[in-house]
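Data block below; observations after.
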Amino acid sequence: MVSAVILAAGESQRMGKENKLLLPIEGEALIRRFVKSVCLSEVAEVLVVLGYEAEKIKEVLIDQPVDFVYNPSYMMGMTTSIKTGISASSKNSDGYMICLSDLPFAETSDFNILLRAFSSFRVKGNALVTIPVFKGKPGNPVMFSFEFREKILEHVGEGCRELIAKNYRNVREVIMENDNLFCDIDTPEDYKKIT
1297 MVSAVILAAG ESQRMGKENK LLLPIEGEAL IRRFVKSVCL SEVAEVLVVL GYEAEKIKEV
1357 LIDQPVDFVY NPSYMMGMTT SIKTGISASS KNSDGYMICL SDLPFAETSD FNILLRAFSS
1417 FRVKGNALVT IPVFKGKPGN PVMFSFEFRE KILEHVGEGC RELIAKNYRN VREVIMENDN
1477 LFCDIDTPED YKKIT
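In the numbering used here, the protein residues as written are 1297 to 1491.
Here's what the structure looks like:
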């Protein structure tokens, strides 16, 4: 089983005053659209890590089959949210799909391609990292096998790039046919481009 850890705790500072996860994309809040796509995929459990404006995020996801986990240290960066999600995931989890939640075009089929690739590469006891790649560019979500659990929980640094670089021999790339997982929203300009 794979646990999806959806990072939804950040303050979206580059967006200005608005929380980008609550911005409407085709009439639906970005975070809701994203979470629905993940929930419909072949993951076994979905954890949404909350922090900034936690109640507002919870409200738009109230009917989704997710577990909410609050990260009291969210202001200290993304790594704290990754650790919060991994810590709360099922002990039966064989892997973790770490999801940035500001990808407006991510579809269930994109996640399933990654999940199936992870499953085909997976050999119990052998640490595995899978990364989606489009036109030579790496993207998200990154997937880690269970063997990385303690390494992630002990990791110091922002995000998982350093951890991936240190374990490059364990990395398998998944070539994607579209850029759905590579188009994110960080600034008002990014948002204007897609609306």
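Built from N, CA and C at the ideal position, the CB exists for glycine as well.
Buried or exposed: V1331, going by 16 or more other Cβ atoms within 10 Å of its Cβ? buried
Inspect the beta-carbon positions of N1474 and D1406 and report whether they are closer than 9 Å. yes
Residues near F1478 by beta carbon distance below 7 Å, same chain, minus five either side: F1430, K1433, G1435
Determine which residues share a DSSP beta bridge with Y1464 and list them. According to DSSP, which records beta bridges pairwise, Y1464 is partnered with nothing at all.
So for T1375, helix, strand or coil by DSSP? Shown here, T1375 sits in a helix according to DSSP, grouped into three states.
Alpha carbon of N1476 to alpha carbon of A1304, nearest angstrom: Here the alpha carbons of A1304 and N1476 stand approximately 19 Å from one another.
Am I right that N1367 and L1346 are in contact with their C-beta atoms under 8 Å? What's the rounded C-beta distance? 7 Å
Rounded separation between E1349 and I1471 - CA only: Linking E1349 to I1471 through their CA atoms gives a straight-line distance of about 35 Å.
Output needed for G1540: all residues of its chain with C-beta closer than 8 Å, excluding positions within five of it in sequence on either side, in chain order. Since the first residue of the chain shown is 1297 and the last is 1491, residue 1540 is not available in this structure.
Beta carbon of R1412: closer than 8 Å to some heavy atom of the ligand MN? Because no ligand of any kind appears in the structure shown, any question about the ligand MN cannot be addressed here.
Kindly identify the DSSP beta-bridge partner or partners of G1347. E1349
Just how far apart, CA to CA, sit T1483 and L1357? 23 Å
Check for me: the alpha helix (DSSP H) holding D1486 runs from which residue to which? 1484 to 1490
Does the separation of the CB atoms of P1400 and L1336 fall below 9 Å? no
Within 10 angstroms of its Cβ, does I1378 collect 16 or more other Cβ (buried), or is it exposed? With 16 or more other Cβ atoms within 10 Å, it is buried.
Using DSSP bridges, identify the partner residues of S1441. G1391
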